[in-house]
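Undergrad: Can you read through this structure? Questions will come right after.
2 protein chains.
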Amino acid sequence: MTYCLAIKLDSGLVFASDSRTNAGIDNISLFCKTHVFSLPGVMELVVLNSGNLATTQEIISSLKQDIENKQEGNLYTLESMFDVAKTVGALTRKVIERHSRRDNSIDFNCSLLVGGQIKGGPQKLFMIYPAGNFIEATPETPFFQIGELKYGKPMLDRTIHHNSSVDDAIKCAVVSFDATIRSNLSVGLPIKISYLPENKDSESIPSVKSYTIEEGDETFNRICKQWKEGLRNVFQSIEAPQWWN
Amino acid sequence: MTYCLAIKLDSGLVFASDSRTNAGIDNISLFCKTHVFSLPGVMELVVLNSGNLATTQEIISSLKQDIENKQEGNLYTLESMFDVAKTVGALTRKVIERHSRRDNSIDFNCSLLVGGQIKGGPQKLFMIYPAGNFIEATPETPFFQIGELKYGKPMLDRTIHHNSSVDDAIKCAVVSFDATIRSNLSVGLPIKISYLPENKDSESIPSVKSYTIEEGDETFNRICKQWKEGLRNVFQSIEAPQWWN
Numbered sequence: 001m002t003y004c005l006a007i008k009l010d011s012g013l014v015f016a017s018d019s020r021t022n023a024g025i026d027n028i029s030l031f032c033k034t035h036v037f038s039l040p041g042v043m044e045l046v047v048l049n050s051g052n053l054a055t056t057q058e059i060i061s062s063l064k065q066d067i068e069n070k071q072e073g074n075l076y077t078l079e080s081m082f083d084v085a086k087t088v089g090a091l092t093r094k095v096i097e098r099h100s101r102r103d104n105s106i107d108f109n110c111s112l113l114v115g116g117q118i119k120g121g122p123q124k125l126f127m128i129y130p131a132g133n134f135i136e137a138t139p140e141t142p143f144f145q146i147g148e149l150k151y152g153k154p155m156l157d158r159t160i161h162h163n164s165s166v167d168d169a170i171k172c173a174v175v176s177f178d179a180t181i182r183s184n185l186s187v188g189l190p191i192k193i194s195y196l197p198e199n200k201d202s203e204s205i206p207s208v209k210s211y212t213i214e215e216g217d218e219t220f221n222r223i224c225k226q227w228k229e230g231l232r233n234v235f236q237s238i239e240a241p242q243w244w245n
Numbered sequence: 001m002t003y004c005l006a007i008k009l010d011s012g013l014v015f016a017s018d019s020r021t022n023a024g025i026d027n028i029s030l031f032c033k034t035h036v037f038s039l040p041g042v043m044e045l046v047v048l049n050s051g052n053l054a055t056t057q058e059i060i061s062s063l064k065q066d067i068e069n070k071q072e073g074n075l076y077t078l079e080s081m082f083d084v085a086k087t088v089g090a091l092t093r094k095v096i097e098r099h100s101r102r103d104n105s106i107d108f109n110c111s112l113l114v115g116g117q118i119k120g121g122p123q124k125l126f127m128i129y130p131a132g133n134f135i136e137a138t139p140e141t142p143f144f145q146i147g148e149l150k151y152g153k154p155m156l157d158r159t160i161h162h163n164s165s166v167d168d169a170i171k172c173a174v175v176s177f178d179a180t181i182r183s184n185l186s187v188g189l190p191i192k193i194s195y196l197p198e199n200k201d202s203e204s205i206p207s208v209k210s211y212t213i214e215e216g217d218e219t220f221n222r223i224c225k226q227w228k229e230g231l232r233n234v235f236q237s238i239e240a241p242q243w244w245n
């Protein structure tokens, strides 16, 4: 399984993904699920994937190969984030359909989160479904999750708004991943956190910054510990219901 | 959907269930999912159900009718909680199998939590699967959840141990249901909380106490508010990571 999260803030885009995949409980591997496509100053894209690993690797490799071969319609030739979502969505549907036609007993499906910015246009964030269609994040619904999403959703529901700060969003992502990792073995470190700052005034666009949280990361451990202890204190401070007394 | 939770503490059994069922998003109804079987001083059983409503109602009605008709092997004639789990499990399998034979396109499955005590024996808690087999709660794994369980699991994982107090268990159940209700429309009030105290020294056994949390319950609202504000304060008090500075 996998857990990926992307947040569209007024002040930028924040992405987070874990690195564990499993085909059965005894076949666990590490794969990075964050892919950055960067044409410096012109286009910055981040793609997160969950679902069938062969499908998602084929999608990412096809996108990269088309760029290398300067194929017509490759990502770096597109002029809007909407066109990026349409291109990735169409490719997703095509790959899943081709495999499913040959063997419909296997689940070849995958979901993707695609966010970024193209020079001259606004930042956008999309969730792409296995059918190739997609939805876009809005101020009312500023974050998308794919994969093992439920354990870490309550904290996001409580905390994240479109006008939250980047610091809060990253802190909340850490807390959300911590909850998921504690409750589900199939999600695990390292976690890759990426951030694309909003830069409305500039003709050029900044680069994606990424950080990988490895096992033993001191800041990660500090936040998880403070959160755990804080939760325990709040919990103890609440007076129990006396419904039977 | 449904969310049910049962906890086996050293000091007693705690149960909680919501009351919402849905067949599609536009067909939502209220049904109590907590069923108490009580033979005062001799046997106290609590059954929580999730899954196909027709299946679970048929199981509960059959158990009740067998008791009324003084059928051989009815719940009130059984001598151990293990026999109770076997009886409920066999009935569950039988009902699901009969319907599935006629129409395998519909999901007739259900899961049950069964806990209680029979005079002379210890308290026990079981989770019964659609196949009719079951597992028992232990000091290492003192709680079971069925239905829409993931949103409310992280807090239980952090807080509940076999030696937790009843007050803490009920408080944690409230917090767990609050998280689930906020993140998933298909789980809703009223919540029924039940409690069977442990009474190791007595020949007789105490009765199940139940309380129903209705919309507007002041204690429930107070706990949810204190929890929400406490979480926000803890979150704000944690220093953000400075991974890019």
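Read top to bottom, the protein sequences are chains A and B. Heads up: the first sequence runs through residues 1 to 245, numbered per the working numbering. Heads up: the second sequence runs through residues 1 to 245, numbered per the working numbering. C-beta atoms are modelled at their ideal positions from N, C-alpha and C, and glycine is treated no differently.
(1) Could you check what DSSP says for Phe143/B in three-state terms: helix, strand or coil?
(2) Gly12/A and Glu198/A: beta carbons closer than 9 Å?
(3) Below 8 Å on the Cβ atoms is my contact criterion, and I expect Ser111/A with Pro142/A to pass it. Report the Cβ-Cβ distance as a whole number of Å.
(4) Which residue from Gly116/B, Cys4/B, Met1/B puts its Cα closest to that of Lys209/B?
(5) Buried or exposed: which applies to Asp157/B, given that a residue is buried once 16 or more other Cβ atoms fall within 10 Å of its Cβ?
(6) Could you confirm whether any beta carbon from chain A is found closer than 9 Å to the beta carbon of Ile170/B?
(7) Would you mind telling me which residues of chain A sit closer than 8 Å to Ile135/B, beta carbon to beta carbon, in chain order?
(8) Taking only beta-carbon positions, decide if Phe108/A is within less than 9 Å of chain B.
(9) Spell out the partners DSSP gives Ala16/B in its beta bridges.
(10) Residues of chain B with a CB under 7 Å from the CB of Gln226/A: which are they?
(11) Can the beta-carbon of Ser19/A be found closer than 9 Å to that of Ile191/A?
(12) For Lys192/B and chain A, any beta-carbon pair shorter than 9 Å?
(13) Taking 9 Å as the threshold (C-beta atoms), are Gly132/A and Thr92/A in contact?
(14) Are the Cβ atoms of Pro241/B and Glu44/B separated by less than 9 Å?
(15) Report the three-state DSSP secondary structure of Ser11/A (helix, strand or coil).
(16) Roughly how many angstroms lie between the CA atoms of Val187/A and Tyr151/A, to the nearest whole one?
(17) Would Gln145/B pass as a contact of Lys8/B if the rule is Cβ separation under 9 Å?
(18) Taking CB distances under 9 Å as the criterion, tell me whether Phe177/A reaches chain B.
(19) Any Cβ of chain B within less than 9 Å of the Cβ of Tyr76/A?
(20) Taking just the CA atoms, how far does Ser38/B sit from Lys64/B?
(21) How is the alpha helix (DSSP H) around Gln226/B delimited, first residue to last?
(22) Ignore the nearest five residues each way along the sequence and tell me which others in Phe31/B's own chain have a CB closer than 7 Å to its CB.
(23) Between the alpha carbons of Leu189/A and Val174/A, how many angstroms are there, rounded?
(24) According to the Cβ coordinates, are Ile193/B and Ile170/B closer than 9 Å?
(25) Nearest chain A C-beta to Glu143/B closer than 9 Å, yes or no?
(26) Measure from the C-beta of Ser183/A to each C-beta in chain B and report whether the shortest distance is under 9 Å.
(27) Are the C-beta atoms of Gly132/B and some chain A residue less than 9 Å apart?
(28) Count the other C-beta atoms from every protein chain shown that fall within 10 angstroms of the C-beta of Leu185/A, then say buried if there are 16 or more, exposed otherwise.
(29) Using a C-beta cutoff of 9 Å, does Pro154/B count as contacting chain A?
TA: On the basis of the data shown:
(1) strand
(2) yes
(3) Going by Cβ atoms, the distance from Ser111/A to Pro142/A rounds to 18 Å, so no, they are not a contact pair.
(4) Gly116/B
(5) exposed
(6) yes
(7) Correct list: empty, because the minimum Cβ distance to chain A is about 17 Å.
(8) no
(9) Leu5/B, Ile193/B
(10) Ile238
(11) yes
(12) no
(13) yes
(14) no
(15) coil
(16) 11 Å
(17) no
(18) no
(19) no
(20) 11 Å
(21) 218-237
(22) Ser19, Thr21, Leu53
(23) 11 Å
(24) yes
(25) Reading the sequence as shown, one finds Phe at residue 143/B and not Glu. Not an interface residue.
(26) yes
(27) no
(28) exposed
(29) yes
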